[in-house]
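Keeping their order, the protein sequence lines are chains U and Z. Last residue of the first sequence: 242 in my numbering, with the numbers rising by one and none dropped. Last residue of the second sequence: 214 in my numbering, with the numbers rising by one and none dropped. Some notes on the structure that comes next.
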Amino acid sequence: MIDWGPVLLSLRVGLTALAFVFVTGTLAARAMTRRDFPGKDVVDGLLVLPLVLPPVVTGFLLLLLLGRNGPVGGFLEGSLGIRLLFTLHAAVIAAAVVAFPLMYQSAKAAFQGVDARLEDAARTLGAGEARVFVTVTLPLAWPGLVAGTVLSFARSLGEFGATVMVAGNIPGQTTTVPLAIFFAADAGDMRAAGTYALVISGLCMVLVVALNAWTRRRKPNWQRRARASRAADDRHSSVTRC
Amino acid sequence: MLSVRARKRLPDFTLEVDFEVRDEILVLFGPSGAGKSMTLRMIAGLERPDAGEIRLSGRVLYARDPKAWVPPRGRRCGLVFQDLALFPHLDVTANVLFGAPSRDGQARGRLAEMLERFRIGHLARRFPAELSGGEAQRVALARALMADPDVLLLDEPFSSLDAETRRAVGDEVVAAHRTWRIPFVFVTHDREEAERLGDRMLFLRGGRQVAPPG
Chain U
1 MIDWGPVLLS
11 LRVGLTALAF
21 VFVTGTLAAR
31 AMTRRDFPGK
41 DVVDGLLVLP
51 LVLPPVVTGF
61 LLLLLLGRNG
71 PVGGFLEGSL
81 GIRLLFTLHA
91 AVIAAAVVAF
101 PLMYQSAKAA
111 FQGVDARLED
121 AARTLGAGEA
131 RVFVTVTLPL
141 AWPGLVAGTV
151 LSFARSLGEF
161 GATVMVAGNI
171 PGQTTTVPLA
181 IFFAADAGDM
191 RAAGTYALVI
201 SGLCMVLVVA
211 LNAWTRRRKP
221 NWQRRARASR
231 AADDRHSSVT
241 RC
Chain Z
1 MLSVRARKRL
11 PDFTLEVDFE
21 VRDEILVLFG
31 PSGAGKSMTL
41 RMIAGLERPD
51 AGEIRLSGRV
61 LYARDPKAWV
71 PPRGRRCGLV
81 FQDLALFPHL
91 DVTANVLFGA
101 PSRDGQARGR
111 LAEMLERFRI
121 GHLARRFPAE
131 LSGGEAQRVA
141 LARALMADPD
151 VLLLDEPFSS
161 LDAETRRAVG
171 DEVVAAHRTW
181 RIPFVFVTHD
191 REEAERLGDR
201 MLFLRGGRQV
211 APPG
């Protein structure tokens, strides 16, 4: 029997990170698709950086930032007495930072795919920006946002490199599944490592398959019906041609 | 009444227009790329002029000096887009109701009237992708008018229709104008359509108002 602690911990870290990433990724993508400003490319690059950097490097940068002598960590510990490094919070931060670009990229693509004229139409019909976003932009961008959510959740579940740098391996506190696998294998316990590997692979597989099924089958009502009516038209016209 | 005096620098030329529309159909006519659509977008508040003044029913919508700017949502300018821009994820009812000033029983009553008026009652539960070109046109007209606008702007709304449907929807616009009695500004590059629909015509070329050729 394996210890389910790391699995539950991973889910907890993944879901907490996802909550942050969903909100910040969506808002950042929205801001970047609708606004132009000098240095936009650089900002975009910075937001995507954790995707291309080796996670260990991201973790190292976080270590500098959050550490006792770092700007963020120093402030938190000095004035509020909060220590981030080697806690569950650090694991969440590491997972969120690494998963953020996936949400951001998916949301950006989704927003770019929304016809700006539809948003303009809503404005001329008296809708303010909040209503435009909720009633037009979000529903049309929804599939892309869901895809981003699933991908970034899966990514944060599997986060290792950055997590081990800032959260270490404290059983019951920061030992998520990927860390448990590494340290089990390192200690020669291939059985435990294999079991955890199987669990996390299965979980990720389920997520991705579910996402695929969802995008294919739960096509929004209006698209499915539009296809059906076009097909009916085609049949009709081929009959009339005969 | 709508009065427009606006200048805007565009990549290829400077657009300069100056006209007034009473409760009539003014046709903005001219070749593609003459600035017709841009003129409508400036009236609707989707583009900002560099200078000038736009007034509608006694309200200043835009002015350079003293500075005035009403955002699109407060302008009461109905705009029928070239590709109609019906919301694909909403059915006909929800599309038409989108701009209704109130969402109470009164709006429902007006909705029934409006669907009847444009003969789209039987399409109420359909989605835009399930409509024919002419049906979609009538839905777009109904949606714009349901918001109770002070002016209706039509940006080459018939460009994708066949000649027969085009004529029918054109008559629909003229009939709607007789009912609503607000300024209509109709953009087209089709001379025959311009002459048939317009009470008055304004010829635009390279961003300037010019006398219509022969």
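Each residue gets a CB set at the ideal place from its N, CA and C atoms; glycine is no exception. Bear in mind that the values here come from a model prediction, so they are computed numbers and not experimental data.
- For residue 191 of chain U, there are no neighbours in chain Z by C-beta distance under 7 angstroms, as the nearest C-beta there is about 51 angstroms away.
- For residue 8 of chain Z, the uninterrupted beta strand (DSSP E) segment begins and ends at 2-9.
- In chain order, 14 and 18 place their CB closer than 6 angstroms to the CB of residue 153 of chain U, counting only its own chain and leaving out the 5 sequence neighbours on each side.
- Of all residues in the stretch 102-128 of chain U, only 115, 117, 118, 120, 121, 122, 123, 124, 125, 126, 127 and 128 place a beta-carbon less than 8 angstroms from a beta-carbon of chain Z.
- Restricting attention to Z:56, Z:26 and Z:62, the CA atom closest to the CA of residue 47 of chain Z is found in Z:62.
- DSSP lists Z:8 as the beta-bridge partner residues of residue 15 of chain Z.
- Between residue 24 of chain Z and residue 199 of chain Z a beta carbon distance of about 4 angstroms is seen, short of the 8 angstroms cut, so the two are scored as contacting.
- In terms of Cβ geometry, residue 155 of chain U and residue 99 of chain U form a close pair [threshold 7 angstroms].
- When secondary structure is reduced to three states using DSSP, residue 158 of chain Z falls in the coil class, being assigned neither helix nor strand.
- In terms of Cβ geometry, residue 91 of chain U and residue 174 of chain U form a close pair [threshold 7 angstroms].
- Under DSSP, residue 52 of chain Z takes part in a beta bridge, and its partners are Z:6.
- Under the three-state reduction of DSSP output, residue 186 of chain Z falls in the strand class.
- Taking 8 angstroms as the cut-off between beta carbons, the residues of the stretch 134-158 of chain U near chain Z are 135, 136, 139 and 140, in sequence order.
- Distance check between residue 107 of chain Z and each of Z:203, Z:90, Z:74 and Z:148 places Z:148 closest, using alpha-carbon atoms only.
- Of all residues in the stretch 98-120 of chain Z, only 98, 99 and 101 come within less than 8 angstroms of chain U when Cβ atoms are compared, listed by chain position.
- Within the stretch 38-49 of chain Z, the residues whose Cβ lies closer than 9 angstroms to any Cβ of chain U are, in chain order, 41, 44, 45 and 46.
- For the pair of segments examined, the stretch 45-60 of chain U was found not to touch the stretch 73-80 of chain U: the number of CB pairs separated by less than 8 angstroms stays below three.
- Of the residues assessed, residue 95 of chain Z falls on the buried side of the cut-off, its CB having 16 or more other CB atoms within 10 angstroms.
- Residue environment for residue 170 of chain U: exposed (fewer than 16 other C-beta atoms within 10 angstroms of its C-beta).
- DSSP places residue 25 of chain Z in the uninterrupted beta strand (DSSP E) bounded by 25-29.
- Nearest to residue 162 of chain U by C-alpha distance, out of U:25, U:111, U:63 and U:140, is U:63.
- Contact between residue 152 of chain Z and residue 145 of chain Z holds, since their C-beta atoms are separated by about 7 angstroms, short of 8 angstroms.
- Residue 79 of chain Z has a beta carbon lying within less than 7 angstroms of a beta carbon in chain U.
- Between residue 188 of chain Z and residue 164 of chain Z, the C-beta spacing is not below 7 angstroms.
- One alpha carbon belongs to residue 167 of chain Z, the other to residue 176 of chain Z, and they sit about 14 angstroms apart.
- Chain U places no beta carbon closer than 7 angstroms to that of residue 142 of chain Z, leaving this residue out of the contacts.
- At least one CB of chain U lies nearer than 7 angstroms to the CB of residue 73 of chain Z.
- Distance from the CA atom of residue 49 of chain Z to the CA atom of residue 56 of chain Z, rounded to whole angstroms, is 16 angstroms.
- DSSP places residue 15 of chain U in the helix class (H, G or I) of the three-state scheme.
- Contact with chain U is found for residue 147 of chain Z, since one of that chain's Cβ atoms lies less than 7 angstroms from the residue's Cβ.
- Under the 8 angstroms Cβ criterion, the stretch 30-38 of chain Z does not count as touching the stretch 108-115 of chain U, having fewer than three qualifying pairs.
- Classified as exposed, residue 179 of chain Z has fewer than 16 neighbouring CB atoms from the shown chains inside 10 Å of its CB.
- About 6 angstroms separates the beta carbon of residue 82 of chain Z from that of residue 159 of chain Z, a gap short enough to meet the 8 angstroms contact definition.
- DSSP, reduced to helix, strand and coil, places residue 40 of chain Z within a helical segment of the structure shown.
- Chain U has a Cβ within less than 7 angstroms of the Cβ of residue 85 of chain Z.
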